[in-house]
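Written out below as structure tokens is the structure these notes cover.
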Amino acid sequence: MPSGKPRKSKVEKVFEALASSRGPDECWEWPGHRSVHGNYGRIGDARAHRVVYERYVGPIPGRLQVRHTCDNPPCVNPRHLLLGTVADIMADRSARGRTYRPKLTPEQARAVFVSSSGRRATAVRFGVTETVVKRIWRREYWRDATHGLVRPTKPGV
Ligand SMILES: [Zn+2]
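The numbers in numbering that gives the first Met the number 0 rise by one with no breaks, and the one at position 104 of the sequence shown is 103.
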């Protein structure tokens, strides 16, 4: 190992490549692993957006959570990350509707679109039919809401 200036970590290299390939206001979706629950980018056992927040924005005090203003879990664009309390997270969840709803909100449609679960699992999770999921994935439904999002590379269909 040469001594001297510190080498960039793998996380820094990946982040900087992502930052230079995307517009400043676009969602920067973590290109590595995704968590099974919630579709967050994963770095080892940590959530990528939390790692990025701590490294490039600042410490995450106490029990605060890092929320996405863009509702796009794999996004690590620091401009889309915001500290929040558990109460904020609960409010977000209730606003998105964890209980069955026949109609999706645009936020839910985006979450369906970026879901890396299978079509059936995604349908069950959002309380819609598999046809609705399929049409969202094909951009036949919610085309505007999902504009600019990228489907995970390995769709579970
Ligand atoms: Zn974003």
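Using N, Cα and C, we set each Cβ at its ideal position, and we do this for glycine too.
Values in this document were obtained by computation on a predicted structure and should not be read as measured data.
Worksheet item: By Cβ distance, which residues of its chain are closer than 6 Å to residue 46, with the 5 residues on each side in sequence left out?
Response: So the list reads 39, once near-sequence residues are dropped.
Fill in: Rounded separation between residue 28 and residue 8 - CA only
Straight-line Cα distance between these residues: approximately 19 Å.
Practice prompt. Using 7 Å as the cut-off, classify the Cβ of residue 32 as near or not near the heavy atoms of ligand 1, replying yes or no.
Written response: Outside the cutoff, so no.
Fill in: Residues bridged to residue 33 [DSSP beta-bridge criterion]
In DSSP, residue 33 forms a bridge with 40.
Worksheet item: Distance, Cα to Cα, residue 42 vs residue 48?
Response: The alpha-carbon atoms of residue 42 and residue 48 are separated by roughly 9 Å.
Discussion item. Between which two residues does the alpha helix (DSSP H) holding residue 127 run?
Written reply: Counting along the chain, residue 127 falls outside any alpha helix (DSSP H), and DSSP gives it neither H nor E.
Discussion item. Out of 30, 82 and 36, which one is the CA nearest neighbour of residue 60?
Written reply: It is 82 whose Cα lies nearest to the Cα of residue 60.
Worksheet item: Of the residues 121, 50, 106 and 89, which one's Cα is nearest the Cα of residue 157?
Response: Given that the chain is displayed from residue 0 to residue 156, the structure contains no residue 157 and the question cannot be resolved.
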